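Colleague:
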Amino acid sequence: MLVVSAIITGLGLGSMYGLLALGFHVTYAVSATVNFAQGSSMMLGAVFAYSFAVRLGWPVPLAAAMALALCALYGILVEFIAVRPFARRGSNAWLMATVALGIVVDNAVLFTFGKEPRGFNMPWATGSFTVFGIGISPLQLAIPAAGIALAAALHFYSRRTRGGKAMLAVVQNPDAARLMGINVPRVISGAFALSTVFAGAAGILIAPLFNVHSDMGTVFGLKAFAVAILGGITSAWGVMIAGVVFGVVEALITALLGSTYTQILSFALVIVVLAAMPNGLFGRAEVKKV
Amino acid sequence: MKTAWTRRSFIATAVTLALGSALPALAADPIKIGLVTALSGQSARAGEAITRGLTIAIDELNASGGVLGRSFELVRRDDEATPAKGVIAARELVFKEKVAVLFGGLDTPVSLAIVPIMNQAKVPFMGPWAAGTPITKNGANPNYVFRVSAVDEIVDKAMLQYAQKNFGTKKPGLILINNPWGASNEKGLRAAMAAKQVTPAGIEKFESNDIDVVPQLTRLKQGGADTLFMAANVGPSAQVVKSLDRMGWQVPIVSHWGPAGGRFTELAGPNAKNVHFVQTYSFFGNQRPVGAKVMKMLMAKYPDIKGPDDVTPAVGVANAYDAMHLVALAIKNAGSTDGSKIREGFYKIGTYAGLIKTYDKPFSPAVHDAITENDYVWTQFIDNKILPVGMVK
Amino acid sequence: MKALPVAALAAGFAAAFVFTWVSNDYYVFVMATLALTAIVGIGLNVLLGLTGQVSFGHVGFYAIGAYTVAIFMVRLKLDFWIALPAAIALSALTGALLALPALRVRGPYLAMVTIAFGFVVEHSIVEWDEVTGGQNGIMGVPKPLLFGTPLTERGIALGAIALTALLVYAFWRVSRSSWGSAMRAVKDSEVAAESVGLNPIAIKALAFTLSAGCAGLAGALFSPLSGFVTPSSFAFLQSILFVLVVIVGGAGTVSGPLIGATIVVLLPEVLAGLAEYRLLFFGALMLVVLWVAPEGIVGEVLRWIRRRREPVLAAPTADAAMVGADSSTVRTALEVKGLTIAFGGVQAAVDVAFAAQPGAVTSLIGPNGAGKTTVLNMLGGFYRPDAGQVTLGARAIAGASAWRIARAGLARTYQTSQLFGSMSVLENLVIASPERAGTEPRAEQLLAFVGYRGDLHARAADLPHVDRRLVEIARALATRPTVLLLDEPAAGLSRDDKGALAQLMRRIADAGIAVVLVEHDMEIVMGISDHVVVLDAGTPIAAGTPQAVQQDPAVRSAYLGEGHGRPAVRRAGGATAGEALLEVGRLEAGYGAEPVLKGIDLRVTAGELVAVLGANGAGKSTLMRSLAGLHRPVRGSIALAGADLARLPAHRVVARGVVLVPEGRQVFPELSVLDNILLGAHLRRDLSDAEVEGMFERFPRLRERRDQRAGLLSGGEQQMLAIARGLMAKPSLLLLDEPSLGLAPTIINQLFSALDRLRSEAVTILLVDQMAGLALALADRAYVIESGRITAQGTAAEIAAQGALEKAYLAAG
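Okay, here's the thing in structure tokens:
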């Protein structure tokens, strides 16, 4: 029972890590840059959704849609002010710039949204049902489902739509993509929007299980980066799988060995795995050329 | 909640910054009261509560002419909840801003790091929140550290006592936040349990961002826990209650004052009421005149406060309010802002009808904690109100 | 170091010292914190600035240093002076250990390993309660005793400032030492570093160790300074701040970490009065600083100074004896037998064998894609051959690592030069010298020998193209090689420069070195080679003296294609007159100081097929990229039916109807054939299924492969696909860049008949191809480009008759 409940816990958490990590993957694939403050994007999703749904009393689907739209805008903003000015000059200062922007956003939310954690209680999310003596919240199943659905949506978007194929083209060969008439900077900016939407969706999904405050995303953002790297940041499904694996391993360590070792062991594992597989579990080696 | 984040307040801050250092010192300078606490990040709300308690008290004191013919002025610094930042801020306030008394914040390690500086600089340090035992019992002589707040060690004893009396607890399980405060209570609870020959079913820690505490709780359940002792801030405490809901485990929870730090019922759901926790003060229910007065002042000063449920965490406001009044009395007794004289002034405080209680000679060279175990009340959340346990069934 | 910066630094340190001496306890503590942060920054600069390895886990080393001292002094009651070296040693050792996994990973993977390391340290401290005091840490760390009296905070602060000054000096020494240059070499180009005999693994491990040691030292001082250690002082954000110190100051600069630490430590203090708004403003101001100075503040200042510096020119003449023909150089032949390698099932080199004799120039030639560079890469140790032997004298070197091969005496240059861009010209040579010390005079001589006349202290990255080539050759010579591999050294050089280069290569061989040359310029190859090996599709097809090879019919066919010498199949009615569709006027474009295109005038009329011919490196591809908008900025005009394209980015050029089928096909390998075709029509909204069907009719092979991944297609199929993809945009002008590149002759014939069909459909085409014969057979008109200028133009027949072409291609009349 301990193990089973740990696995259920891990699946829910892990798919959320996977969703956030998918955001890292999307931008890295097209531009080799990421928003290091992905946790802030996640927080924004939850904060916007809460503000619309609870404070303004909008219906939840509308609130969520509006929140995701704002997240997309924020993603475009991140790329425009914290990534593009540096990536264009071949400088890697975007690493620092996205962190700085994250600090600004976290604090701006602290002073506008409020300093108290708020509960985002949705009737369909708070109840729980019991299967074989294990209590499960519907959300714990909804999150993996949504995670897989979004990953699948990304998969189909990139393979079935014009915009998605343009994105794949940029991933594979930016110069050739330009020759197809694809506006590469716009695709990159779109990837950041998409990335932030994924993070925002993770935030909205997790909010009813958790609570909403300006600081809620920091730790998740970091773990999601670990997951993205672990999965091999170039592979979408790899990242999603690594998220689930990481979540389950984390919960299993807590359940079997005790919470004392969770953080130490899970991060030590990251080092060990990367030492053994320098391109992550599912990543492909970059071909060296001279 | 709205905040004062307006352009005007920004300009005011900027102007104060610019002028503050440029203006020459005047004869009737205000008495500076320093505050080093977390003002940003997860604990920002707690820092704000202390700020509000102090501000209300200072406004009240200044309106009645201040002390020694001088008014009080509050100077605040953000310690970002890290000791390294805290000690720099404390040094700045003591050596550069020359505050008469320094208030600490909610993080025990930050306060512990600041204590030696204060004893060395001979400037009184007042703790309105951090409950770590060694803050006041720091071994220094003379000791410049005072406190108007709970003390973990005593709260932990009270928790065990309360659980044994009300729930017949034989095998408690500990679920503690993995931060210094949790560690301090682990120590206190272990000591309290050892004294009563109680063996715990298990001791589990969790992170403040853990969404699901089911694995830890399942371990405690399998260890045979009949009661949970909880020490965690409001958000994580709510995670524990929600995880218990999912497990369908009905177990009594006896908690430190964490749940009072916010809208616990909103965060934890209907089972929030199962958590019995300790408080130094509650703005709910019938208030004595001081309580009614403070509530009125809070509502007048802060537009976001509409009633007692908006005063969170109440302990921060209440402790800071009383502590500030006690500090004013000490300065009055000292007749100067000299640190050692103020320290002596604390010992000379007679009776003071405060918010939490009427203090009667609260401090002496042996006693630097104004709050004693008799001042704790056991409370629970009923809807959005913190009420004494048993008031509503 | 120059006098002015030294004086400024000395003044800065003196001011910091005096200020700390006289000010109150608050400022003392701030100055101490500043100094400690600077110390970590200096260490991190060794890793990040010199070696180019990022670490987001330095707070881990800092914590190890701090906790070691706290545990030694409080728990074990040991003296600070015992604890301090232990703390440094332990941090450094941990750094060396972390280097093991860290060296295997790069980029974001490395970042993650270091982040994870920081977390492991932080949480281990939290959980190892009995030793570290857990969450509450260790309080009451005593002050160090100096001559029996405890130091005050002021004393520690002054000490820390003095140490910072010392470390700045040490950093300056290290960065100028051979190890420092080796680190920068690894940062600039790991490939080139190996090729001059450096072992990147050892160098990176050293950088990690030094850097961790510095962080440990700072941590060791932090403990007694603050009197306590707690885990929360060593959180992840602190690691980010350390990196910020280096980046804001200027990575790799001597004083960068000082400036960075000043900003990162003082800015929060200045903003302290903002209370809860401090972090908000700190974040915003950091963004502003990064915008203003993305290279770091000191980095930007240095860049400005560099532009104003007086150059120190190389000597005009040289002593040839310096090159390596001295007694220490053993004359050794390079022997290659049965060298074979395949990539993903494609045979890139099969059974390649030749011998390169000392004192001789051995050339490896063949059409593009013949596998020449692959062979060089195997010789140099960059690829491990599947089979075959390479012997250098008596030593078998096949499959050894690049730096070992380099040390064995085999030096090389690269197609795109791999200089250490951030280092000066002279430093590039010094780092390559086996002796490392006292080699500057020889380095200057070598530069003079290769004919470098520029500034000895210029940054290699700022050099014009020709100088890069020369410096790279000089650097290769600096390793005292017995064999020198040169990969297309003449590419992109002017005629005069090529002549000088040819002479230089001859002189190098005359000095007793075995020169192995891969080169497209046949005039050079035929002029200076003693022995020529011809490769085609990875297989040697001929070998012998230049004359013998030139006469070889297999070689002529491989180079010029079947169509060469065949009378042009002139078609009826080519619209050579009439409205110009494309008009290019005085087009100039380039990649560095030296333009590649030097004023091209060109004109294509609607319905025409125009060929642009010229040897490799003449600027043909740059012309195509400029026309397509991939290369910007350009000077001059590009007008399509009167509308200016010169300032448009590539995707908007496509929208105007100019579509490039790029060199090397550039299909999207992971997408299906159909998706590739559809992507060609990305901008069109009026696409019909019939049109796709039409394209499959035109290229029936593609229909069979419709749903296969494009990466799995053969070269010829990929080329068809690339053309089909280009046509899908319905271009008014189709640019074809080297469509026959690397294709087998039969495939080339198929390709050209497809092009012939296109021409008959009145698609306007501008074609670049090295298969001059075929191109001319197809074209209405042609231009010949040499060294970025048009040297001949006319109808296809006129150009074919001139015979200048054969000379340009094969250097044979």
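Chains as they are written, first to last, in the numbering used here: chain Z, 4 to 293; chain X, 35 to 427; chain V, 36 to 848. Cβ atoms here follow ideal geometry from the backbone N, Cα and C, with glycine treated the same way. None of these values were measured; they are calculated from a predicted model.
In the DSSP assignment, find the unbroken beta strand (DSSP E) run with Ile188 (chain X) in it and report its ends.
Modeller: No beta strand (DSSP E) holds Ile188 (chain X); the alpha helix (DSSP H) holding it covers 186-201.
Colleague: Can you list, in chain order, the residues of its chain with a C-beta nearer than 6 Å to that of Ala174 (chain X)? Leave out the 5 residues immediately preceding and following it.
Modeller: Here the set comprises Asn153.
Colleague: Measure the CB-CB distance between Ala3 (chain Z) and Ala75 (chain Z) and report whether it falls below 7 Å.
Modeller: Because chain Z is modelled from 4 through 293, residue 3 (chain Z) falls outside the range shown and cannot be assessed.
Colleague: Using a Cβ cut-off of 7 Å, which residues of the stretch 298-329 of chain X contact any Cβ in chain Z, in chain order?
Modeller: Per Cβ criterion, the list reads Glu300, Leu301, Gly303.
Colleague: Under three-state DSSP, which class holds Glu752 (chain V)?
Modeller: Note: Glu752 (chain V) maps to helix in three-state DSSP.
Colleague: Which residue wins for smallest C-alpha separation from Leu82 (chain V), given the options V:Ala250, V:Asp421, V:Gly823?
Modeller: Checking every option, the nearest Cα to that of Leu82 (chain V) belongs to V:Ala250.
Colleague: Give the single residue among X:Gln284, X:Leu140, X:Asp279, X:Lys204 whose Cα lies nearest to the Cα of Gly216 (chain X).
Modeller: Ranking the options by Cα distance to Gly216 (chain X), first place goes to X:Leu140.
Colleague: When we look at the beta-carbon of Ala51 (chain V) and count the other beta-carbons within 10 Å, is it buried (16 or more) or exposed?
Modeller: Classification for Ala51 (chain V): buried.
Colleague: Would Trp438 (chain V) be called buried (16 or more neighbouring beta carbons within 10 Å of its own) or exposed?
Modeller: Buried, because 16 or more other Cβ atoms sit within 10 Å of the Cβ of Trp438 (chain V).
Colleague: DSSP three-state label for Met183 (chain Z), please.
Modeller: Here Met183 (chain Z) sits in coil by DSSP.
Colleague: Could you name the residues of chain V that Lys428 (chain X) contacts, counting a contact when the two beta carbons are closer than 7 Å?
Modeller: Outside the displayed range of chain X (35 to 427) lies residue 428 (chain X), so it cannot be described from this structure.
Colleague: May I have the straight-line CA-CA distance separating Val209 (chain V) from Leu399 (chain V), to the nearest angstrom?
Modeller: About 41 Å.
Colleague: For Thr103 (chain V), I'd like the list of residues in its chain whose CB is within less than 6 Å of its CB, leaving aside the five on either flank, ordered along the chain.
Modeller: Here the set comprises Ala121, Ala122, Leu125.
Colleague: Is Ser281 (chain X) close to chain Z? Criterion is C-beta to C-beta, closer than 7 Å.
Modeller: The displayed chain sequence assigns Met, not Ser, to residue 281 (chain X). Yes, contact with chain Z.
Colleague: Assign Phe182 (chain V) to one of three DSSP states: helix, strand, or coil.
Modeller: It is coil, neither helix nor strand.
Colleague: Is the shortest distance between the beta-carbon of Asn110 (chain Z) and the beta-carbons of chain V less than 7 Å?
Modeller: Cβ-Cβ to chain V under 7 Å: yes for Asn110 (chain Z).
Colleague: Please identify the residue among V:Leu128, V:Gln753, V:Leu616 whose C-alpha is closest to the C-alpha of Glu705 (chain V).
Modeller: Closest by alpha carbon: V:Gln753.
Colleague: Give the C-beta separation of Pro293 (chain X) and Phe415 (chain X) to the nearest angstrom, bearing in mind that I take them to be a contact with Cβ-Cβ under 8 Å.
Modeller: Confirmed, Cβ separation roughly 7 Å.
Colleague: Helix, strand or coil for Gly224 (chain Z) per DSSP?
Modeller: It is helical.
Colleague: Examine the Cβ distances between the stretch 92-100 of chain V and the stretch 251-260 of chain V and report whether three or more of them are shorter than 8 Å.
Modeller: Short answer: they touch.
Colleague: Would you report the Cα separation of Val604 (chain V) and Ala814 (chain V), rounded to the nearest angstrom?
Modeller: With a pLDDT of only 47 at Val604 (chain V), under 50, the local geometry of the prediction cannot be trusted, and no value is derived from it.
Colleague: Decide yes or no for the touch test of the stretch 376-383 of chain X against the stretch 247-263 of chain X: beta carbon pairs closer than 8 Å, at least 3 of them.
Modeller: They do not touch, by the three-pair rule.
Colleague: Does Phe201 (chain Z) have its Cβ less than 7 Å from a Cβ in chain V?
Modeller: No, Phe201 (chain Z) lies away from the interface with chain V (no Cβ there is under 7 Å from its Cβ).
Colleague: I'd like to know whether the C-beta of Phe263 (chain X) is nearer than 7 Å to at least one C-beta of chain Z.
Modeller: Chain Z contact via Cβ: absent.
Colleague: How close, in whole Å, do the beta carbons of His359 (chain X) and Ala91 (chain X) come, if the pair is a contact with beta carbons under 8 Å?
Modeller: Yes, they are in contact, since the Cβ atoms of His359 (chain X) and Ala91 (chain X) sit about 6 Å apart, within 8 Å.
Colleague: Determine the chain X residues that contact Pro120 (chain Z) at a beta-carbon separation under 7 Å, and present them in chain order.
Modeller: Under the 7 Å cutoff, chain X gives Val268, Gly269, Gly296, Leu301.
Colleague: If you scan the stretch 128-203 of chain V from start to end, which runs of the beta strand (DSSP E) of 3 or more residues do you find wholly inside it?
Modeller: Correct list: empty.
Colleague: What residues from chain V crowd round Gly184 (chain Z), counting only those whose CB sits closer than 7 Å?
Modeller: Result: His686, Val689, Ala690, His717, Leu718, Ala764.
Colleague: Counting only Cβ pairs nearer than 7 Å, list the residues of chain V close to Thr263 (chain Z).
Modeller: Glu162, listed in chain order.
Colleague: Any idea what DSSP makes of Thr244 (chain V), helix, strand or coil?
Modeller: In the structure shown, Thr244 (chain V) sits in a helix (DSSP, three-state: H, G or I).
Colleague: Please confirm whether Ala258 (chain Z) has its beta-carbon closer than 7 Å to some beta-carbon of chain X.
Modeller: With 7 Å as the cut-off, Ala258 (chain Z) counts as an interface residue toward chain X.
Colleague: On a Cα-Cα basis, can you pick out the residue from V:Phe206, V:Glu773, V:Arg494 that is closest to Ala807 (chain V)?
Modeller: Taking only the C-alpha atoms, the option nearest Ala807 (chain V) is V:Glu773.
Colleague: Give the interface partners of Ala307 (chain V) over in chain X, defined as CB-CB distance under 7 Å, in chain order.
Modeller: Here the neighbours are Arg111, Ala123, Glu126.
Colleague: In this structure, how does DSSP classify Glu370 (chain V) when only helix, strand and coil are distinguished?
Modeller: Of the three classes helix, strand and coil, the one that applies to Glu370 (chain V) here is strand, per DSSP.
Colleague: Could you tell me whether any Cβ in chain X is nearer than 7 Å to the Cβ of Leu5 (chain Z)?
Modeller: It does; some Cβ of chain X falls within 7 Å.
Colleague: Roughly how far, in whole angstroms, is the beta-carbon of Gly423 (chain V) from the beta-carbon of Thr375 (chain V), given that I think they are within contact range, below 8 Å?
Modeller: Their Cβ separation, rounded to whole angstroms, is 5 Å, which keeps Gly423 (chain V) and Thr375 (chain V) in contact under 8 Å.
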